[in-house]
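J.:
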(Lines of atoms letter the chains of each structure in order from A and count residues from 1; the text may use other names and numbers.)
(Lines give C-alpha, C1' and ligand atoms only; values in the text may rest on other atoms or scores of the structure.)
Protein backbone atom coordinates (compact mmCIF):
# COMPACT_ATOMS: atom_id res chain seq x y z
CA UNK A 1 0.00 0.00 0.00
CA UNK A 2 1.27 3.48 -0.78
CA UNK A 3 0.26 6.48 1.26
CA UNK A 4 -0.73 9.63 -0.62
CA UNK A 5 2.29 11.76 -1.59
CA UNK A 6 4.75 9.11 -0.47
CA UNK A 7 6.73 6.16 -1.71
CA UNK A 8 6.66 4.33 1.61
CA UNK A 9 5.15 0.86 1.71
CA UNK A 10 3.24 0.24 4.93
CA UNK A 11 2.19 -3.15 6.27
CA UNK A 12 -1.41 -3.09 7.43
CA UNK A 13 -1.98 -3.40 11.14
CA UNK A 14 -4.94 -2.92 13.42
CA UNK A 15 -3.55 -2.51 16.90
CA UNK A 16 -4.54 0.65 18.69
CA UNK A 17 -4.32 1.33 22.40
CA UNK A 18 -6.75 3.68 24.09
CA UNK A 19 -6.81 4.57 27.75
CA UNK A 20 -9.14 6.75 29.79
CA UNK A 21 -8.01 10.05 31.27
CA UNK A 22 -5.60 9.32 34.09
CA UNK A 23 -3.80 11.29 36.80
CA UNK A 24 -0.28 12.70 36.63
CA UNK A 25 1.45 9.75 38.33
CA UNK A 26 0.20 7.45 35.61
CA UNK A 27 1.52 9.80 32.92
CA UNK A 28 5.02 9.06 34.23
CA UNK A 29 4.28 5.39 33.70
CA UNK A 30 3.12 6.24 30.17
CA UNK A 31 6.60 7.62 29.44
CA UNK A 32 8.16 4.32 30.47
CA UNK A 33 5.67 2.43 28.30
CA UNK A 34 6.37 4.67 25.30
CA UNK A 35 10.13 4.17 25.61
CA UNK A 36 9.57 0.42 25.86
CA UNK A 37 7.38 0.47 22.73
CA UNK A 38 10.15 2.13 20.72
CA UNK A 39 13.00 -0.02 22.07
CA UNK A 40 11.50 -3.51 22.37
CA UNK A 41 13.20 -6.28 20.42
CA UNK A 42 10.09 -7.64 18.69
CA UNK A 43 8.06 -5.26 16.52
CA UNK A 44 9.24 -1.93 17.92
CA UNK A 45 6.91 0.96 17.21
CA UNK A 46 7.97 3.69 14.82
CA UNK A 47 5.15 6.09 15.69
CA UNK A 48 3.31 6.78 18.94
CA UNK A 49 0.69 9.48 19.47
CA UNK A 50 0.32 10.40 23.13
CA UNK A 51 -2.45 12.79 24.10
CA UNK A 52 -2.52 14.61 27.40
CA UNK A 53 -5.66 16.66 27.99
CA UNK A 54 -3.77 19.31 29.93
CA UNK A 55 -3.61 22.20 30.52
CA UNK A 56 -6.88 22.40 28.55
CA UNK A 57 -8.78 20.28 31.07
CA UNK A 58 -7.58 22.35 34.04
CA UNK A 59 -8.42 25.60 32.27
CA UNK A 60 -11.96 24.51 31.43
CA UNK A 61 -12.58 23.48 35.03
CA UNK A 62 -10.79 26.34 36.81
CA UNK A 63 -10.01 29.24 34.49
CA UNK A 64 -6.73 31.13 34.70
CA UNK A 65 -6.68 32.64 38.15
CA UNK A 66 -7.31 30.18 41.00
CA UNK A 67 -3.82 28.62 40.92
CA UNK A 68 -4.76 25.29 39.34
CA UNK A 69 -3.29 26.24 35.96
CA UNK A 70 0.10 27.03 37.51
CA UNK A 71 0.04 23.69 39.36
CA UNK A 72 -0.77 21.81 36.16
CA UNK A 73 1.94 23.61 34.18
CA UNK A 74 4.46 22.63 36.88
CA UNK A 75 3.34 18.99 36.58
CA UNK A 76 3.65 19.11 32.80
CA UNK A 77 7.13 20.61 33.11
CA UNK A 78 8.18 17.70 35.36
CA UNK A 79 6.55 15.20 33.01
CA UNK A 80 8.32 16.49 29.91
CA UNK A 81 11.63 16.68 31.78
CA UNK A 82 11.15 13.00 32.67
CA UNK A 83 10.34 12.20 29.03
CA UNK A 84 13.54 13.88 27.86
CA UNK A 85 15.56 12.10 30.57
CA UNK A 86 14.18 8.69 29.55
CA UNK A 87 14.78 9.37 25.85
CA UNK A 88 18.41 10.25 26.61
CA UNK A 89 18.95 7.18 28.81
CA UNK A 90 17.56 4.89 26.10
CA UNK A 91 19.49 6.57 23.28
CA UNK A 92 16.27 7.55 21.53
CA UNK A 93 17.04 11.25 21.82
CA UNK A 94 19.36 10.96 18.81
CA UNK A 95 16.83 9.15 16.61
CA UNK A 96 13.34 10.21 17.62
CA UNK A 97 11.32 13.27 16.63
CA UNK A 98 9.04 14.61 19.36
CA UNK A 99 6.33 17.04 18.32
CA UNK A 100 4.37 18.99 20.93
CA UNK A 101 1.04 20.34 19.75
CA UNK A 102 -2.21 21.62 21.22
CA UNK A 103 -5.83 21.62 20.19
CA UNK A 104 -6.46 25.37 20.59
CA UNK A 105 -5.77 28.43 22.70
CA UNK A 106 -7.86 29.48 25.67
CA UNK A 107 -9.52 32.75 26.58
CA UNK A 108 -11.95 33.67 29.32
CA UNK A 109 -14.96 35.65 28.16
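In our numbering, the protein residues as written are -15 to 93. Don't be surprised by glycine CBs; every beta carbon is placed ideally from N, CA and C. What you are looking at is a predicted structure, and each value in this text was computed from that prediction instead of being measured.
1. Between 53, 28, 34, which lies nearest to residue 15 when the distance is taken from Cα to Cα?
2. Pull up the distance between the alpha-carbon of residue 65 and that of residue 72, whole angstroms please.
3. Pull up the distance between the alpha-carbon of residue 5 and that of residue 39, whole angstroms please.
4. Going straight from the alpha carbon of residue 32 to that of residue 83, what length do you get?
5. Please report the Cβ distance between residue 43 and residue 12, rounded to the nearest whole angstrom; I am assuming they are in contact, meaning their Cβ atoms lie under 8 angstroms.
T.: In short:
1. Here the question's residue 15 lines up with position 31 in the chain shown. Residue 34 is the option with its Cα nearest to residue 15.
2. Taking the chain shown and counting its residues from 1, one reaches residue 65 at position 81. Taking the chain shown and counting its residues from 1, one reaches residue 72 at position 88. Rounded to the nearest angstrom, the two C-alpha atoms are 11 angstroms apart.
3. Within the chain shown, the letter at position 21 stands for residue 5. Within the chain shown, the letter at position 55 stands for residue 39. Each residue's alpha carbon lies about 13 angstroms from the other.
4. As a first step, residue 32 is located in the chain shown; it is residue number 48 there, counting from the start. As a first step, residue 83 is located in the chain shown; it is residue number 99 there, counting from the start. Using only the alpha carbons, I get a separation of about 11 angstroms.
5. Residue numbering aside, residue 43 sits at position 59 when the chain shown is read from its first letter. Residue numbering aside, residue 12 sits at position 28 when the chain shown is read from its first letter. Residue 43 to residue 12, Cβ: 22 angstroms. No contact.
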